[in-house]
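A.B. asks:
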Amino acid sequence: MKIKQFEARTETEAMLQVKEEFGKNALIVSVKTVRPKGIVKLFKKPYVQITAALDEKAAKGNGKEKETFKSQLEALGDYHYQSKTSEMEEKITKIEQLLKKNDVRHTEVSAAEPQQVETSIHTQNFPLVNLIYEQLLENEVDEKVINKLMFGLNESLSKGTVQMKDLIAIIYQRIIDEIGDIEPINLEGNTPKIVVFMGPTGVGKTTTIAKLASHYSINQNMNVGLITADTYRIAAVEQLRTYGNILNIPVDVVYTNEEVQGSIDGFGDKDLIMIDTAGRSHKNNEWQADIKALLNGIPDKEVFLVLSATTKYKDLMHIANKYQEIADYKLIFSKLDESTCMGNILNVRHRIGATMSYITFGQNVPDDFTELNPHDIAKSILGGHSSDGPGY
Numbered sequence: 001m002k003i004k005q006f007e008a009r010t011e012t013e014a015m016l017q018v019k020e021e022f023g024k025n026a027l028i029v030s031v032k033t034v035r036p037k038g039i040v041k042l043f044k045k046p047y048v049q050i051t052a053a054l055d056e057k058a059a060k061g062n063g064k065e066k067e068t069f070k071s072q073l074e075a076l077g078d079y080h081y082q083s084k085t086s087e088m089e090e091k092i093t094k095i096e097q098l099l100k101k102n103d104v105r106h107t108e109v110s111a112a113e114p115q116q117v118e119t120s121i122h123t124q125n126f127p128l129v130n131l132i133y134e135q136l137l138e139n140e141v142d143e144k145v146i147n148k149l150m151f152g153l154n155e156s157l158s159k160g161t162v163q164m165k166d167l168i169a170i171i172y173q174r175i176i177d178e179i180g181d182i183e184p185i186n187l188e189g190n191t192p193k194i195v196v197f198m199g200p201t202g203v204g205k206t207t208t209i210a211k212l213a214s215h216y217s218i219n220q221n222m223n224v225g226l227i228t229a230d231t232y233r234i235a236a237v238e239q240l241r242t243y244g245n246i247l248n249i250p251v252d253v254v255y256t257n258e259e260v261q262g263s264i265d266g267f268g269d270k271d272l273i274m275i276d277t278a279g280r281s282h283k284n285n286e287w288q289a290d291i292k293a294l295l296n297g298i299p300d301k302e303v304f305l306v307l308s309a310t311t312k313y314k315d316l317m318h319i320a321n322k323y324q325e326i327a328d329y330k331l332i333f334s335k336l337d338e339s340t341c342m343g344n345i346l347n348v349r350h351r352i353g354a355t356m357s358y359i360t361f362g363q364n365v366p367d368d369f370t371e372l373n374p375h376d377i378a379k380s381i382l383g384g385h386s387s388d389g390p391g392y
């Protein structure tokens, strides 16, 4: 499936671009008005952005199944363009009410256990099943995860215990269940709360910390302190200091593990202390021992691992496994704006089992982050689009 964003001054102009490049087989994923933020808004006017998709296989054939797929996705999110905002809002409200009632959960299809896998689910004679399978593969969902999500559906369809119209809703709910509960920073209990961030080089860890620190300082009115042990990169220290100066948040730099506790003690009046660790290669055994020693010296902390959504699946798994040898952690996925596939979020959750927390999707501090929304991820993976998410 080919996905592209088209931008223009008006909706009509943007739609003409879509038709010119994708033709009549184009699928409109989303239509939104983008209003520049910050100082940029003084110089750049709002514009219309249309995200469109073209299933090149479906364009050559398989039209009926594609239309079925599209019509079912309409019941799950803001998938097709609606000319009237009121009609769109009414549809979204109905969807949210349906999901709140957990109607999908009551569909009589047994959930798959990890060891129960249909290895040939996509070979069965159900064109819509095949189409969903291909869509998940195209979003880089691992085949084992796909088979778990679709377990039992061929048999249920054959027996008539599941109707074809319910198929997308069932997969949608199974993706949400697979992602599980979302857990941000735990602010309950005694203060200061201590949060440590780990991650390989280049994932945007320091920027992510700045976004979170800004959020909790400005939006939650908390007294925040920052500690950086990432002294291997001068740029990382200066970057955090710059953010600290702008946000009026104190930044302490430590050069040894022994200095960390003293820095924590110095921030005893804070509500929240965030610690940036050195981003190094996960293959470096000496560094692994060093960061493990650092964490062992910090009592009552929460640990977050920052991973980039743009990293290859095999590398993600290797990184995530290596960091699990160091400490238990919650997951933050960065750079969602640079990735067209959300499948790896599901893959890592399935394989590692770590709890999801936040996502980031840009360079703007503090705006471009949010708690991960399982519904948005499910819609994105199935080829739809969240009506109120960050646009992934």
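Numbered by the UniProt record's numbering, the letters in the sequence shown go through residues 1 to 392 in order.
Just so you know, even glycine gets a beta-carbon here, dropped at the ideal spot from N, CA and C.
Source: prediction; values computed, not measured.
Helix or strand or just coil, what does DSSP make of residue 369?
C.D. replies: Here residue 369 sits in strand by DSSP.
A.B. asks: Contact between the region 361 to 368 and the region 320 to 332 is defined here as three or more beta-carbon pairs at a separation below 8 Å; is this criterion met?
C.D. replies: With a cut-off of 8 Å, the region 320 to 332 and the region 361 to 368 do not count as touching, because too few Cβ pairs lie within range.
A.B. asks: On the CB-based measure, 16 or more other CB atoms within 10 Å of its CB, does residue 338 come out buried or exposed?
C.D. replies: Residue 338 should be labelled exposed.
A.B. asks: Determine the extent of the alpha helix (DSSP H) in which residue 15 is found, giving its start and end residues.
C.D. replies: Taken as a continuous stretch (DSSP letters only), the alpha helix (DSSP H) holding residue 15 covers 11 to 22.
A.B. asks: When the Cα atoms are used, what is the spatial distance from residue 229 to residue 291?
C.D. replies: Roughly 10 Å separates the two Cα atoms.
A.B. asks: Using a 10 Å radius around the Cβ and a threshold of 16 neighbouring Cβ atoms, would you call residue 379 buried or exposed?
C.D. replies: Buried.
A.B. asks: Which residues does DSSP pair with residue 302 in a beta bridge?
C.D. replies: Paired residue(s): 195.
A.B. asks: When you compare only the Cα positions, how much space is there between residue 324 and residue 14?
C.D. replies: C-alpha separation (whole angstroms): 46 Å.
A.B. asks: Going straight from the alpha carbon of residue 313 to that of residue 373, what length do you get?
C.D. replies: Cα to Cα, residue 313 sits roughly 21 Å from residue 373.
A.B. asks: Between which two residues does the beta strand (DSSP E) holding residue 183 run?
C.D. replies: That residue, residue 183, is in no beta strand (DSSP E); it is neither H nor E in DSSP.
A.B. asks: Between the beta-carbon of residue 345 and the beta-carbon of residue 377, is there less than 8 Å?
C.D. replies: Result yes, Cβ atoms of residue 345 and residue 377 sit closer than 8 Å.
A.B. asks: Closest to residue 52 by C-alpha separation, out of 17, 35 and 33, would be which residue?
C.D. replies: Residue 17 is the option with its Cα nearest to residue 52.
A.B. asks: Give the range of the beta strand (DSSP E) segment to which residue 5 is assigned.
C.D. replies: Segment 2 to 8, the beta strand (DSSP E) holding residue 5.
A.B. asks: Mind checking residue 371: buried by the 16 CB within 10 Å criterion, or exposed?
C.D. replies: Answer is exposed; the Cβ neighbour count stays below 16.
A.B. asks: Pick out whichever of 175, 146, 159 and 180 has its Cα sitting closest to the Cα of residue 355.
C.D. replies: Closest by alpha carbon: 180.
A.B. asks: Give every residue of the same chain whose Cβ lies closer than 6 Å to the Cβ of residue 7, excluding the five residues on either side of it in the sequence, and list them in chain order.
C.D. replies: 47 and 49.
A.B. asks: For the alpha helix (DSSP H) containing residue 352, list its first residue and its last residue.
C.D. replies: It spans 343 to 352 - the alpha helix (DSSP H) in which residue 352 sits, taken as one unbroken run.
A.B. asks: Taking the alpha-carbon positions, what's the residue 210 to residue 336 distance?
C.D. replies: Whole-angstrom Cα-Cα distance: 17 Å.
A.B. asks: Among the candidates 131, 193 and 159, whose CA atom is the shortest distance from the CA of residue 146?
C.D. replies: Checked all of 131, 193 and 159; the closest Cα to residue 146 is 131.
A.B. asks: Mind pulling the alpha helix (DSSP H) runs of 4 or more residues that sit fully within the UniProt domain "AAA+ ATPase" (191 to 337)?
C.D. replies: Those alpha helix (DSSP H) runs which fall completely within the UniProt domain "AAA+ ATPase" (191 to 337) and span 4+ residues are 205 to 214, 234 to 247, 257 to 266, 285 to 296 and 313 to 324.
A.B. asks: Would you call residue 205 buried or exposed, if buried means 16 or more other Cβ atoms sit within 10 Å of its Cβ?
C.D. replies: Answer is buried; the Cβ neighbour count reaches 16.
A.B. asks: By how many angstroms is the C-alpha of residue 177 removed from the C-alpha of residue 192?
C.D. replies: Between residue 192 and residue 177, the C-alpha separation is close to 33 Å.
A.B. asks: Compute the distance between the beta-carbons of residue 273 and residue 197, then report whether it is under 8 Å.
C.D. replies: The answer is no: Cβ separation not under 8 Å.
A.B. asks: How would you call residue 139, buried or exposed, if buried means at least 16 neighbouring beta carbons within 10 angstroms?
C.D. replies: So residue 139 ends up on the buried side.
A.B. asks: Going by alpha carbons, who is nearest to residue 202 out of 236, 357 and 367?
C.D. replies: When only C-alpha atoms are compared, the closest one is 236.
A.B. asks: Please state the DSSP three-state secondary structure of residue 357.
C.D. replies: Residue 357: strand per DSSP, three-state reduction.
A.B. asks: Given a cut-off of 8 Å, decide if residue 224 and residue 270 are closer than it, judged by their beta-carbon atoms.
C.D. replies: Taking 8 Å as the Cβ cut-off, residue 270 and residue 224 qualify as a contacting pair.
A.B. asks: Given residue 182, which residues of its chain have a CB within under 8 Å of its CB, disregarding the five upstream and five downstream residues?
C.D. replies: So the list reads 355, 356, 357, 371, 372, 373 and 374, once near-sequence residues are dropped.
A.B. asks: By the three-class DSSP mapping on this structure, what secondary structure does residue 92 have?
C.D. replies: Model confidence at residue 92 stands at a pLDDT of 42, short of 50, so the residue's coordinates are unreliable and nothing is read from them.
A.B. asks: Residues in the same chain with beta-carbon distance under 7 Å from residue 217, minus the five sequence neighbours each way, listed in chain order, please.
C.D. replies: Excluding sequence neighbours, residue 217 sits near 224, 247 and 249.
A.B. asks: Classify residue 159: buried if its beta carbon has 16 or more other beta carbons within 10 angstroms, exposed otherwise.
C.D. replies: Exposed: under 16 other Cβ atoms inside 10 Å.
A.B. asks: Nearest by alpha-carbon distance to residue 10: which of 3, 21 and 45 is it?
C.D. replies: It is 45 whose Cα lies nearest to the Cα of residue 10.
A.B. asks: Under a Cβ-count criterion, where at least 16 other Cβ atoms within 10 Å of its own Cβ denotes burial, should residue 148 be classed as buried or exposed?
C.D. replies: That one is buried.
A.B. asks: Under the DSSP definition of a beta bridge, which residues are partnered with residue 156?
C.D. replies: DSSP lists no partner for residue 156.
A.B. asks: Out of 265, 243, 19 and 220, state which residue places its alpha-carbon closest to the alpha-carbon of residue 187.
C.D. replies: When only C-alpha atoms are compared, the closest one is 220.
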